[in-house]
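Some notes on the structure that comes next.
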Amino acid sequence: MAAVKRRQLLLSIFLLRVMFSSAYSYVHYSYRRLSTRRTIPTMMPEGPEVRTLVDQLQPAVGMRLTDFRFLSGRYVRGARPRGFEAFAKTITPVATSDYNYAGGGSGGGDGNTVSITTQHDKDDNDEANDFVGVDIIKSLQCKGKFIYLILDEGNASSSNDTDYQRSIWITLGMTGRFVNEEDVNKPRASNRDTPGSDPRWFFETLDTSNGQRRKIYYRDPRNFGTLIFSLSALELENKLASLGPDMLDLDNTTEEVFLDAMNKSTQKRNICKFLMDQSRIAGIGNYILAEGLYRARIDPFASLDEINLEQRKSLFKELREVITASYNSQGLTRPNGGTYRSVDGSRGQFEFQLQCYGQDVSPNNNPVVKEVDGPHGRAIWYVPEEQNPKSERSNSNSLLKENTQSSKSATHTFEKENVEKGVTRYSMVHRSEDTFGEAISNSLTDSTWKSVLKDHLASESYHSMIQLIETQISNGAEIYPPVEDIFSALNMCSLDDVRVVIVGQDPYHQPKQGHGLAFSVRNGVTPPPSLRNIFKEAIADVAIDPPTHGNLEGWAKQGVLLLNTVLTVRRGEANSHAKIGWEKLTDLIINKINEEKSGVVFLLWGAPAARKASCIDEAKHTVIRTSHPSPLGATKTTSPFLGSRCFSRTNEALKQSGKEPIDWNAL
Numbered sequence: 003m004a005a006v007k008r009r010q011l012l013l014s015i016f017l018l019r020v021m022f023s024s025a026y027s028y029v030h031y032s033y034r035r036l037s038t039r040r041t042i043p044t045m046m047p048e049g050p051e052v053r054t055l056v057d058q059l060q061p062a063v064g065m066r067l068t069d070f071r072f073l074s075g076r077y078v079r080g081a082r083p084r085g086f087e088a089f090a091k092t093i094t095p096v097a098t099s100d101y102n103y104a105g106g107g108s109g110g111g112d113g114n115t116v117s118i119t120t121q122h123d124k125d126d127n128d129e130a131n132d133f134v135g136v137d138i139i140k141s142l143q144c145k146g147k148f149i150y151l152i153l154d155e156g157n158a159s160s161s162n163d164t165d166y167q168r169s170i171w172i173t174l175g176m177t178g179r180f181v182n183e184e185d186v187n188k189p190r191a192s193n194r195d196t197p198g199s200d201p202r203w204f205f206e207t208l209d210t211s212n213g214q215r216r217k218i219y220y221r222d223p224r225n226f227g228t229l230i231f232s233l234s235a236l237e238l239e240n241k242l243a244s245l246g247p248d249m250l251d252l253d254n255t256t257e258e259v260f261l262d263a264m265n266k267s268t269q270k271r272n273i274c275k276f277l278m279d280q281s282r283i284a285g286i287g288n289y290i291l292a293e294g295l296y297r298a299r300i301d302p303f304a305s306l307d308e309i310n311l312e313q314r315k316s317l318f319k320e321l322r323e324v325i326t327a328s329y330n331s332q333g334l335t336r337p338n339g340g341t342y343r344s345v346d347g348s349r350g351q352f353e354f355q356l357q358c359y360g361q362d363v364s365p366n367n368n369p370v371v372k373e374v375d376g377p378h379g380r381a382i383w384y385v386p387e388e389q390n391p392k393s394e395r396s397n398s399n400s401l402l403k404e405n406t407q408s409s410k411s412a413t414h415t416f417e418k419e420n421v422e423k424g425v426t427r428y429s430m431v432h433r434s435e436d437t438f439g440e441a442i443s444n445s446l447t448d449s450t451w452k453s454v455l456k457d458h459l460a461s462e463s464y465h466s467m468i469q470l471i472e473t474q475i476s477n478g479a480e481i482y483p484p485v486e487d488i489f490s491a492l493n494m495c496s497l498d499d500v501r502v503v504i505v506g507q508d509p510y511h512q513p514k515q516g517h518g519l520a521f522s523v524r525n526g527v528t529p530p531p532s533l534r535n536i537f538k539e540a541i542a543d544v545a546i547d548p549p550t551h552g553n554l555e556g557w558a559k560q561g562v563l564l565l566n567t568v569l570t571v572r573r574g575e576a577n578s579h580a581k582i583g584w585e586k587l588t589d590l591i592i593n594k595i596n597e598e599k600s601g602v603v604f605l606l607w608g609a610p611a612a613r614k615a616s617c618i619d620e621a622k623h624t625v626i627r628t629s630h631p632s633p634l635g636a637t638k639t640t641s642p643f644l645g646s647r648c649f650s651r652t653n654e655a656l657k658q659s660g661k662e663p664i665d666w667n668a669l
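Residue 3 is where the sequence shown starts when you use the working numbering, and the numbers rise one by one after that.
Now the structure itself:
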């Protein structure tokens, strides 16, 4: 018997070790950060953590639930979870030969535990598979922070009740997590945890194909997690309907859905209270909330009616970016929301850096304030200098109203404010200087590109695009990069000098980052994740020295045209100026290089860049296609950026064309 149990234990290693090796590493998040970032505090499980757990529990689907045993906490000391007693009666008894626990019995056990199963009085010669077709876990899913298992009909399969459906509902609370059997007595990272003190319950599954059993333990030091047992399909349906759209549901939770949820809420409600209300939006917790508000530059003390439409759209995009980046950083185990049956348990290969939550200073080196009692009753991290506090919102609204009234008789011009701080807000002023359109045209100084683009810059389509941007600016939008930097890539690399073209998507959409060169940031600005991946590949491929900054002007000066597909962007809204007209201009640039040059190497990083291949004669030039260097795609396609050796391949192609290679180390 001991040998059999030993074999069963060895056969269980896959699920016990692999399933949970990283499912709850969030308890002591150790994001890879620059040395200036301090340790992240313990965070509650939010949408990304819950989804990762559910992904890694998928091997339990299709197995038989043979036990659900309570070990400690309120469900042992007091009342059982709601619906427990009725649910226990639907579990098919387990044969004695197939069950080795001493004691047991619904509501009984050894006095310290409570088991949901009952033993059967069949003799020891009965086969274990007598009952293999019942109590099967049909699905294990989540919506936001809510986890639910659906089982088959159990021993009530003959019931005529059309509403009959067995489900188990789980919420994790502040400290809930799952562990495998061998780790159940190990302490958690927090000093307040003691070994073996907090397993609250476990469930056991049986693989009916090979007889393997696995126990999955639930630990919860604060005992805040909850359980509900249900026998009603309608009850589960109503529960799911009571939750708002899941921010990780990329297909269904669109910007329109998010804005509709905001519009349907009381407009005097605080934004933090709205975001933390799972009935409005599911999956958002405190760190996602703080990060999203900071990146969208929204004051956490603002009410909904103080947040305009552009800010609401920006907030949606930033929340989506934060929640998906966080999910990816833990190890994306269910690509595109589909099922996942081959759990590898590995931690994600992506970097995710918190900019506000738990930090001392922001990426712009402004102090991060932590208030223990935020507007939603929880701690809140925010950056007053960057998040438009109420006093500044009032002044801004008054100024906007005054400017709007005077604009009827004034010439509309645009003045850049706070250049030294990297802020690029253009506001209405009563002066007769260059308009935004004139300023951007005057910023193109390279004679070769001025000649190439002369007709296009005078075209009706170009002026329509500029008018659209001017309208956005007059409505309070901030446009990046600064107007004098929009054509920096062309000014820094003339047509005659082009040897390599690196095509990106659109400029960085946060303050002080972009300066007109694709993927580049100004000196002193923390390199974003995409740029860090670019450096990571260059270090591995051509052994450049680890860069001390993210400014790529050194490449541009060697004939590397760092060209974005789209040349402007609204603050906080990635790709917000796609399809308004920039693509025509950048197509013209690529076509001109294609026609007048030979032996140019085109590095097309990501889908928008790859579309430029239609402008390139690959018989004359070299085209190297990879995924985008962003953490969202750097390793996840058939042509991943990381490992592509695109830098050494570029130099080899240049040498074959009789051109000097690029010194990638010259930054």
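Here a beta-carbon is modelled for each residue, glycine too, at the ideal position from N, C-alpha and C. These figures come from a predicted structure and were not determined experimentally.
DSSP-derived helix/strand/coil call for residue i
i: Q60; result: helix
i: I230; result: strand
i: A284; result: strand
i: G376; result: coil
i: S600; result: coil
i: D248; result: strand
i: W666; result: coil
i: L656; result: helix
i: I325; result: helix
i: I290; result: helix
i: Q512; result: coil
i: K145; result: strand
i: K91; result: coil
i: K538; result: helix
i: R299; result: coil
Outcome for residue i when other beta-carbon atoms lying within 10 angstroms are tallied against a minimum of 16
i: A243; result: exposed
i: G660; result: exposed
i: R168; result: buried
i: S411; result: Only weak support exists for where S411 lies, its pLDDT of 31 falling under 50; the value from the coordinates is given anyway. Answer is exposed; the Cβ neighbour count stays below 16.
i: V502; result: buried
i: L252; result: exposed
i: S578; result: buried
i: P631; result: buried
i: Q469; result: exposed
i: K145; result: buried
i: D547; result: exposed
Inter-residue Cα distance where the pair is residue i and residue j
i: K581; j: T624; result: 27 Å
i: G379; j: M278; result: 10 Å
i: N653; j: S445; result: 32 Å
i: H284; j: V52; result: A small fix is needed here, since residue 284 is Ala in this sequence, not His. About 11 Å.
i: G80; j: C358; result: 41 Å
i: W171; j: P530; result: 39 Å
i: R524; j: G227; result: 46 Å
i: E373; j: N366; result: 20 Å
i: A576; j: V385; result: 21 Å
i: L67; j: N477; result: 59 Å
i: Y482; j: A263; result: 29 Å
i: K559; j: I325; result: 38 Å
i: L459; j: S453; result: 10 Å
Reference residue i, options the options, closest by Cα
i: T450; options: A81, L470, E239 and A491; result: A491
i: L233; options: S600, F89 and A292; result: F89
i: A621; options: N366, T228, A655 and K319; result: A655
i: P2; options: G227, L569 and L291; result: The structure shown does not extend to residue 2, since the chain is modelled only from 3 to 669, so the question has no answer here.
i: I536; options: E555, G561 and W607; result: W607
i: T177; options: C274, I481, I152 and Y220; result: Y220
i: L605; options: T628, V385 and K241; result: T628
i: P610; options: K586, F180 and T528; result: K586
i: L306; options: Y289, V324 and L261; result: L261
i: L245; options: A540, F148, R84 and I592; result: F148
i: R651; options: P549, W584, E258 and V544; result: V544
i: T567; options: N593, R322, D154 and A520; result: A520
Counterpart residues of residue i in DSSP-defined beta bridges
i: T268; result: Looking at the DSSP assignment, T268 forms no beta bridge with any residue, so it has no partner.
i: G506; result: N566
i: N182; result: I218
i: E575; result: R572
i: W451; result: DSSP, once it has assigned bridges, lists no residue as partnering W451.
i: L605; result: I504 and I626
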